[in-house]
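Residues in the sequence shown are numbered consecutively from 1, following our numbering.
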Amino acid sequence: MVMSVFTLPSYNTVFKIIKDNFSPPKEVTHQEVKDKYKLVSQYDRIGRMADTQEFDNLIFPLDRFSSELIEELVK
């Protein structure tokens, strides 16, 4: 897996977090995944990527996350 995908009950949003490192057999970099998402976002403006937003250093209260999700995100 190259990312973690989750929702939070208090937000009407699907969050996709690209991991820094990927387990084999994945041989792509974090930047390559970001570039591919950006390409799809630019050319699929009416499809499922029609309303994408990119964030860096986004902060949420820790109590919004389940312990399972926190464990997955820190791997």
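Ideal Cβ positions, reconstructed from N, Cα and C, are used throughout, including at glycine.
Beta bridge counterpart(s) of residue i as assigned by DSSP
i: S67; result: Answer by DSSP bridge pairing: none, since S67 is not bridged.
i: V5; result: K16
Beta-carbon proximity check, residue i vs residue j, cutoff 7 Å
i: K19; j: V5; result: no
i: V40; j: V2; result: no
Coarse secondary structure for residue i, derived from DSSP in three states
i: Y11; result: coil
i: L58; result: coil
i: E27; result: coil
Residue range of the unbroken alpha helix (DSSP H) whose run includes residue i
i: S41; result: 30 to 43
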